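Enquirer:
In mature numbering (1 follows the signal peptide of the UniProt record, and there is no 0), the protein residues as written are -22 to -1, 1 to 86.
Quick look at the structure:
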């Protein structure tokens, strides 16, 4: 039994891909592993705080508590603009504050 176990371990070691190849899903004989550069500079904000939004261009976020945000009150709502969440006055559609950093992992 020990001989079969050793033989199986040796065959797995010989025929399995190397650790470097296992980390790259695209690795085969004709392709090499390429990693995309990740930018460390912050991306520009899609809207400025204090600016006014056009009605109907952005989505109002429902179920704010699901995303870890405080409940909506005092006439403002949460709006999703691109990949960010903003607090917006519902009457005037003025952008009050960016609150993306207050969301939990369900938003990201």
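Cβ coordinates follow ideal geometry from the N, Cα and C atoms, glycine included.
Note that the coordinates shown come from a computational prediction; the quantities given were computed from them, not determined experimentally.
Who does residue 59 pair with in a DSSP beta bridge?
Expert: Paired residue(s): 62.
Enquirer: May I ask you to report which of helix, strand or coil DSSP gives residue 83?
Expert: coil
Enquirer: How is residue 132 classed by DSSP in three states: helix, strand or coil?
Expert: Lying outside -22 to 86, the shown extent of the chain, residue 132 is not represented and no answer is given.
Enquirer: Starting from the Cα of residue 83, find the closest Cα among 59, 38, 42, 21 and give me that residue.
Expert: 42
Enquirer: Does residue 45 pass the burial test, meaning 16 or more other C-beta atoms within 10 Å, or should it be called exposed?
Expert: buried
Enquirer: Could you give the residue range of the beta strand (DSSP E) that holds residue 26?
Expert: Here residue 26 belongs to no beta strand (DSSP E), and DSSP marks it neither H nor E.
Enquirer: Distance check for residue 73 and residue 61, CA to CA, integer angstroms please.
Expert: 15 Å
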